[in-house]
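Q: Taking full-length UniProt numbering, the leading residue of the sequence shown gets 1, the next gets one more, and so forth.
To start, I am sharing the structure in question, which I have written as structure tokens.
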Amino acid sequence: MATGIKDKVAILGMGCSRFGERWDCGSEQLINEAFGEALLDAGIERRQIGAAWYGSALDRVNVGNSAIPLATALRLEGMPVSRVENMCATGTEALRGAAYAVACGAVDIALAIGAEKLKDTGYGGLPVPTKGTLADLWMPYGSAPAGFAQLAAGYRARYRLSPQELKQAMARVSWKSHVNGAKNPKAHLRKAVEMETILKAPMIAEPLGVFDCCGVSDGAACAIVTTPQIAHELGKRESLVTIKALQLSASSGREQSTGEWDGSYVQNTRNAARAAYREAGIDDPRKQLSMLEVHDCFSITELVTMEDLGVSADGQAWRDVMEGVFDADGALPCQIDGGLKCFGHPVGASGLRMVYEHYLQLQGRAGSRQLKNPTLGLSHNLGGVPYNGVCAISIVGLAGV
Ligand SMILES: CC(=O)CC(=O)SCCNC(=O)CCNC(=O)[C@H](O)C(C)(C)COP(=O)(O)OP(=O)(O)OC[C@H]1O[C@@H](n2cnc3c(N)ncnc32)[C@H](O)[C@@H]1OP(=O)(O)O
1 MATGIKDKVA ILGMGCSRFG ERWDCGSEQL INEAFGEALL DAGIERRQIG AAWYGSALDR
61 VNVGNSAIPL ATALRLEGMP VSRVENMCAT GTEALRGAAY AVACGAVDIA LAIGAEKLKD
121 TGYGGLPVPT KGTLADLWMP YGSAPAGFAQ LAAGYRARYR LSPQELKQAM ARVSWKSHVN
181 GAKNPKAHLR KAVEMETILK APMIAEPLGV FDCCGVSDGA ACAIVTTPQI AHELGKRESL
241 VTIKALQLSA SSGREQSTGE WDGSYVQNTR NAARAAYREA GIDDPRKQLS MLEVHDCFSI
301 TELVTMEDLG VSADGQAWRD VMEGVFDADG ALPCQIDGGL KCFGHPVGAS GLRMVYEHYL
361 QLQGRAGSRQ LKNPTLGLSH NLGGVPYNGV CAISIVGLAG V
């Protein structure tokens with residue numbers, strides 16, 4: 001009987017590039033920025049890495065459609081290097097590959113790295129608009145903002161909110177992330193923004209305005225993983241961070257096709273969360289989790305995700321948001337690093353960027369964003385549209401918790 005991955009894998013080192021409009025460099029430099037930091041943090045030589053997983057969903061132009069450029073960029077020639085893609089959950093998918101390889105004893109030390117250049121990749125056939133005007137998306141709705149706007153309509157209808165109540169709650173989600181992101185030197189959009197400005201911003205896809213959308217950014221993030229025992233042998237004893245759960249749920253899109261789905265929730269998140277809590281041994285997520293990084297591609301996605309994760313009761317997330325429950329000084333801080341809202345969504349990097357923030361927080365290394373004694377962090381990485389795609393959840397925490 002499978003026992004799951006809890007505490008079988010430790011994080012030896014992590015790195016994250018500065019996110020933003022990185023016209024100054026190509027993918028290889030971004031990858032090296034994240035990898036260099038992770039290698040230094042892990043305190044190992046690159047030849048000690050036994051296998052690597054590289055996550056990139058879109059970056060065919062700059063990195064190529066195979067793992068070979070990663071081997072070249074990082075000088076990992078001669079070892080197993082695989083490229084993985086699972087839509088917007090690609091970064092977490094790379095972590096899953098590396099963590100499973102370590103957990104099953106195939107290698108001692110594995111690398112997970114994710115990167116994307118969105119700004120200069122162009123968008124031919126790609127699901128992510130670079131200017132918000134993409135007409136040839138794979139979604140029937142015409143654009144990512146339009147696809148997620150249906151969550152707003154579904155949520156509002158189900159819980160009978162007025163348009164103003166929902167707009168205020170969505171604006172409060174974005175306001176909070178901008179406050180947090182302003183403190184993060186690696187974020188792309190580093191400005192606190194007034195509620196008034198958010199509420200009056202131009203509309204992108206009703207009711208989502210500019211500030212309800214994540215930015216469009218380039219970035220890379222990276223994790224080096226091993227077993228807790230090897231981590232100890234390498235001298236990592238203080239604040240060792242281990243993986244408590246890694247779960248993935250895929251949907252066939254059945255929700256929408258049968259008419260059972262009212263558009264107010266994401267079933268994939270509910271499935272993945274249930275499995276992750278079981279794997280991590282969590283029965284009261286609101287009390288037991290110390291912090292969240294969720295896939296806030298749009299403010300409404302974050303709001304609905306709070307209910308799908310079971311940290312807000314159904315129909316209550318908008319009230320919790322307004323009461324500051326998810327603020328940095330609230331009961332369960334969410335997007336302490338600024339989230340997709342301030343980091344954008346360079347697809348291959350996002351899942352690993354979320355875990356990076358929790359890794360820093362758990363080790364007390366998050367600078368001015370540092371939370372008080374966090375022990376467990378949940379990252380939620382959504383791929384596709386609300387009714388079809390994947391949801392990946394990773395829970396990391398201090399060893400022994
Ligand atoms: C779950 C999944 O699988 C799917 C997903 O995750 S879907 C998510 C995919 N990603 C997206 O859809 C991205 C959505 N966002 C956008 O398309 C764009 O940000 C946007 C259309 C909202 C605005 O783009 P734009 O008008 O071209 O802005 P741009 O010309 O780049 O920038 C103008 C200014 O606005 C700022 N800005 C741009 N986007 C911003 C945003 N979303 N929030 C706040 N500020 C923003 C820029 O920093 C810039 O500021 P300065 O003038 O001070 O430098």
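Each residue gets a CB set at the ideal place from its N, CA and C atoms; glycine is no exception.
Who are the Cβ neighbours of Asp320 in its own chain at under 6 Å, not counting the five residues just before and after it?
A: For Asp320, where only same-chain residues beyond five positions count, the Cβ hits under 6 Å are Ser312.
Q: DSSP three-state label for His380, please.
A: strand
Q: Please classify Asp218: does DSSP put it in a helix, a strand, or coil?
A: strand
Q: Pull the bridge partners of Phe298 from the DSSP assignment, please.
A: DSSP, once it has assigned bridges, lists Cys213 as partnering Phe298.
Q: Check each candidate in Asp327, Val266, Gln288, Asp314 and name the one with the smallest Cα separation from Asn388.
A: Val266
Q: Given a threshold of 16 other Cβ atoms within 10 Å of its Cβ, counted over all protein chains shown, does Gly124 qualify as buried or as exposed?
A: Only weak support exists for where Gly124 lies, its pLDDT of 33 falling under 50; the value from the coordinates is given anyway. Counting Cβ neighbours within 10 Å, Gly124 comes out exposed, since fewer than 16 surround it.
Q: What does Lys88 pair with, by DSSP beta-bridge criteria?
A: It is Cys, not Lys, that sits at residue 88 in the sequence shown. Answer is Asn86, bridged to Cys88.
Q: What would DSSP say about Met14, mapped onto helix, strand or coil?
A: strand
Q: So, Ala146 versus Ala205, is the Cβ gap smaller than 8 Å?
A: yes
Q: From Glu260 to Gly253, what does the alpha carbon distance come to, in whole angstroms?
A: CA-CA distance, Glu260 to Gly253, rounds to 11 Å.
Q: Within 10 angstroms of the Cβ of Asn373, are there 16 or more other Cβ atoms? Answer buried if so, exposed if not.
A: exposed
Q: Could you check if Leu199 belongs to the surroundings of ligand 1, using beta carbon to heavy atom distance under 7 Å?
A: no
Q: Any chance the CB of Pro163 is under 7 Å from a heavy atom of ligand 1?
A: No, the Cβ of Pro163 stays beyond 7 Å of every heavy atom of ligand 1.
Q: Would you kindly work out how many angstroms separate the C-alpha atoms of Lys191 and Val179, rounded to a whole number?
A: 7 Å
Q: Cβ-heavy atom distance between Pro145 and ligand 1 below 7 Å?
A: yes
Q: Closer than 7 Å to a non-hydrogen atom of ligand 1 - does that hold for the CB of Cys222?
A: no
Q: Would Leu362 and Ala94 be called neighbours here (beta carbons separated by less than 8 Å)?
A: no
Q: If you pair each beta-carbon of the segment 168-183 with each one of the segment 334-353, do three or more pairs fall below 8 Å?
A: By the Cβ criterion, the segment 168-183 is in contact with the segment 334-353, since at least three pairs of Cβ atoms, one from each stretch, lie closer than 8 Å.
Q: Does ligand 1 have even one heavy atom less than 7 Å from the beta-carbon of Ile11?
A: no
Q: Can you look up Ala2 in the DSSP assignment and give me helix, strand or coil?
A: DSSP places Ala2 in coil when its eight states are reduced to three.
Q: Report the rounded CA-to-CA distance for Ala101 versus Ala110, giving the unit in angstroms.
A: 7 Å
Q: For Leu40, count the other beta carbons within 10 Å of its own beta carbon; 16 or more makes it buried, fewer makes it exposed. Which is it?
A: exposed
Q: Nearest to Tyr359 by alpha carbon, out of Lys6, Met14, Ala51?
A: Met14
Q: If you compare alpha carbons, which of Lys287, Phe343, Asp262 is closest to Asp156?
A: Looking at the sequence itself, residue 156 is Arg, so the reference to Asp does not match. Taking Arg156 as reference, the option from Lys287, Phe343, Asp262 with the minimal CA-CA separation is Asp262.
Q: For Cys104, which residues of its own chain have a beta-carbon under 6 Å away from its beta-carbon, when the five flanking residues on both sides are left out?
A: Cβ neighbours of Cys104 within its own chain (closer than 6 Å, five residues either side excluded): none.
Q: Tell me the residue span of the beta strand (DSSP E) that contains Ala57.
A: For Ala57, there is no enclosing beta strand (DSSP E), as DSSP marks it with neither H nor E.
Q: Select from Leu376, Asp212, Asn381 the residue whose C-alpha is nearest the C-alpha of Arg270.
A: Asn381
Q: Would you decide whether Gln168 is buried or exposed? Buried here means 16 or more other CB atoms lie within 10 Å of its CB.
A: buried
Q: Along the chain, where does the beta strand (DSSP E) containing Glu116 start, and where does it finish?
A: 110-116
Q: Does the Cβ-Cβ distance between Ala349 and Pro228 come in under 8 Å?
A: Contact flag unset, no.
Q: Comparing alpha-carbon positions, which option in Tyr159, Cys391, Asn32 lies nearest Ala273?
A: Closest option to Ala273, Cα to Cα, is Cys391.
Q: Taking one C-beta from the segment 72-86 and one from the segment 220-238 each time, how about it: are there three or more such pairs within less than 8 Å?
A: no
Q: Quick check: the segment 234-249 against the segment 25-35, are there 3 or more CB pairs under 8 Å?
A: Too few Cβ pairs lie closer than 8 Å, so no.
Q: Phe19 by DSSP, collapsed to three states: which one?
A: coil
Q: According to DSSP, which residues form a beta bridge with Ser249?
A: Cys391
Q: For Met87, is the beta carbon positioned less than 7 Å from some heavy atom of ligand 1?
A: yes
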